[in-house]
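Following: one structure in C-alpha cells, then a few remarks.
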Amino acid sequence: MRVVIAGGHGKIALILEKLLTERGHSVAGLVRNPAHAADLADAGAEALVADLEKATVDEVTGHLIGADAVVFAAGAGPGSGAARKETVDRDAAVLLAEAAEAAGVGRYLLVSAMGDHLRADPDTFDEEFGIYMRAKAAAEDALRARSAPRPTIVRPGLLSNDPGTGRVDLGDRTGTGPIPRADVAAVLLALLEDPQLDGRTVEVIGGDTPIADALSVLAAR
Numbered sequence: 036m037r038v039v040i041a042g043g044h045g046k047i048a049l050i051l052e053k054l055l056t057e058r059g060h061s062v063a064g065l066v067r068n069p070a071h072a073a074d075l076a077d078a079g080a081e082a083l084v085a086d087l088e089k090a091t092v093d094e095v096t097g098h099l100i101g102a103d104a105v106v107f108a109a110g111a112g113p114g115s116g117a118a119r120k121e122t123v124d125r126d127a128a129v130l131l132a133e134a135a136e137a138a139g140v141g142r143y144l145l146v147s148a149m150g151d152h153l154r155a156d157p158d159t160f161d162e163e164f165g166i167y168m169r170a171k172a173a174a175e176d177a178l179r180a181r182s183a184p185r186p187t188i189v190r191p192g193l194l195s196n197d198p199g200t201g202r203v204d205l206g207d208r209t210g211t212g213p214i215p216r217a218d219v220a221a222v223l224l225a226l227l228e229d230p231q232l233d234g235r236t237v238e239v240i241g242g243d244t245p246i247a248d249a250l251s252v253l254a255a256r
C-alpha cells in the first residue's frame, strides 16, 4: 500500500510513517520545509515538498499519483493565528481531497478534533480555539459533501506524548479523555490496513480495548 501523509513532519505523522514502513508499506510525507526530509527519512518515509497553503490542486495531484490512501495530519498549531487555522485546518484539507480525487486515490483519513460536533460556542472557548474548532468542522463537512474520496474522520481526545499502550476506547462518541499520539498513529495504521470503518466518523481516547478488537466491535454496530 502506498500512503501519502499531509503534515508529514508532525508528531503523529512521524510515528505513523515509521509504523507503515515497519509493516512493509510505501509512505511519503508532504512537508513545507525541505530541511525536514532527514527526519522523514529516519522514519522510513519519502519527503515530498509542497506548501498546502500555496500549492495548486495540480501540483499536489502530481505528488499523489499511485497512492492508495492519503492521510491529513496537518495543523496550523497553537499560536499560529486565526487566519492559518482556516488556510491549513480547513482549506488545505479540502485541497488534499480535490487532489486525491484527481489522482484517483480512493481513501482519505482526516485527523480532526473532538468537540460537540466541532461547532464551538464562542462563549465556551477562547477566540483562536473556537476558530480552530470551526475550521475542523468545516473541513469535515466539505469532505463529506464530496463524492470522492470517501473520508474516514478520526477525532482524537486530548493528545499527549506518553508512550502508547495499544489500547483505546473507540466509538461514534466516546466522551472526552486523553490519548497518546502513539496510539492515535496506531489507530490510523489499523484503519488503513482494515477498511471496515471506511467512511465512518470515529472518536478515540485512551482505554482498555486492544486497537484491532476496538475496530471490529465498532464495525459490528
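Residue numbers (this note's numbering): 36 to 256.
Note that beta-carbon positions come from the ideal geometry of N, C-alpha and C, so glycine has one too.
In this text the structure is predicted, and so the values were computed from the model without any measurement.
Here the stretch 241 to 256 lies against the stretch 207 to 224, with 3 or more beta-carbon pairs under 8 Å apart. Residue 42 counts as buried, since at least 16 other C-beta atoms from the protein chains shown sit within 10 angstroms of its C-beta. Taking a 10 Å sphere around the C-beta of residue 171, we find 16 or more other C-beta atoms and assign the residue as buried.
Within the stretch 202 to 231, the beta strand (DSSP E) runs of at least 3 residues that lie entirely inside it are, in chain order, 202 to 206 and 213 to 215.
Setting aside the 5 residues that flank it on each side, residue 235 is surrounded in the same chain by 187, each with a C-beta closer than 7 Å to its C-beta; the list follows chain order. Annotation: residue 147 is outside any alpha helix (DSSP H) and is labelled neither H nor E by DSSP. The count of Cβ pairs closer than 8 Å, one atom from the stretch 137 to 145 and one from the stretch 80 to 90, stays below three, leaving the stretches out of contact. Pairing residue 47 with residue 99, the inter-Cα distance amounts to about 20 Å.
Boundaries of the alpha helix (DSSP H) around residue 132: 128 to 138.
The way I'd put it, the stretch 52 to 70 does touch the stretch 222 to 229; three or more beta-carbon pairs between them come closer than 8 Å.
Within the DSSP bridge table, the entry for residue 187 names 144 as partners.
The beta carbon of residue 74 is closer than 8 Å to those of 44 and 49 in its chain, skipping five residues each way along the sequence.
If you ignore the 5 residues before and after residue 184, its C-beta comes within less than 7 Å of the C-beta of 132, 135, 136, 140, 141, 142 and 143, all in its own chain and listed in chain order.
Per DSSP, residue 255 is not a residue of any beta strand (DSSP E), being assigned neither H nor E.
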